[in-house]
Structure formats: structure tokens, C-alpha cells
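K.L.:
Numbering (my numbering), first residue to last: 54 to 193.
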């Protein structure tokens, strides 16, 4: 697995419910343009890696820089196939990042608006949530 934390407090978390909007991580900080979530959901570590590859291939020639603002820190468990009922909860299968509406997922610095829009269109196809392009507010 590519992205996963070094240590966790609890090895098997419960699923929980994603409610409310993001109050942290909801503004563009590092770059000029960002990709903001419009829906709640979970984004797998493999999906984040696929988005990183798609974006870096697109902005390689322009000299822009990609910032990833999410990290998969929640384990999702899965039981092995064809096992009977009972015998407890399954082992951790993959890691996800919990996304609330308003969370900025990715940012780009050093690119114009058209290049950022094209790059984020490629990234948005890989994400399981609806997203939009946001710009940095002048003066921040």
C-alpha cells in the first residue's frame, strides 16, 4: 500500500457518519487554484495516488507544483471472501481519507487558470465525489 500512516491509535475504526461541512482545510493555502469537494465521502489511498499521477503527468511541462491536502488515515476492514458469519470483524483492507463538503483536496501553484482547469478535469474523473475549481482569495 502506498499511503498509510506509520502508527494509529486504534487499528480498526468504526465507520461513523460524515456530517457537517469542513471548517478546516476549506481554503486554498499553498497554490493559486484548488479542487474543492462538494459532497461527503471516502477517498481511497489508491485513488489519491492515481490522481497524483494524472495531475503530475499533465503539469510536468508547465513547471507547476501539485499539493495534496488529504491523507488516508482511516482503516477500512473487509472479511475474506467465502467465510461464514461470525468470527468477528475483518482485517484492515485499505485506507481512506474522510472528505467533508468544502474540503480542498488538491492545489496547483505556478499554472494559469486554463491549465489548472484542464488538470483538475483529469483528476475529477478519478474521484468518487463531486468537486469544483476554486481560486485563492487575494490578500491571503
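Beta carbons: idealized from backbone N, C-alpha and C, even for Gly.
How about residue 163 and residue 118: are their beta carbons less than 8 Å apart?
P.N.:
yes
K.L.:
Would you report the Cα separation of residue 120 and residue 190, rounded to the nearest angstrom?
P.N.:
Approximately 17 Å between the Cα atoms of the pair.
K.L.:
Could you pull out every residue in the same chain whose Cβ sits closer than 6 Å to the Cβ of residue 87, ignoring the five residues on either side in sequence?
P.N.:
81, 157, 160, 187
K.L.:
Out of curiosity, what's the CA-to-CA distance linking residue 167 and residue 140?
P.N.:
53 Å
K.L.:
Name the two residues that bound the continuous beta strand (DSSP E) containing residue 185.
P.N.:
Element bounds for residue 185: 184-188.
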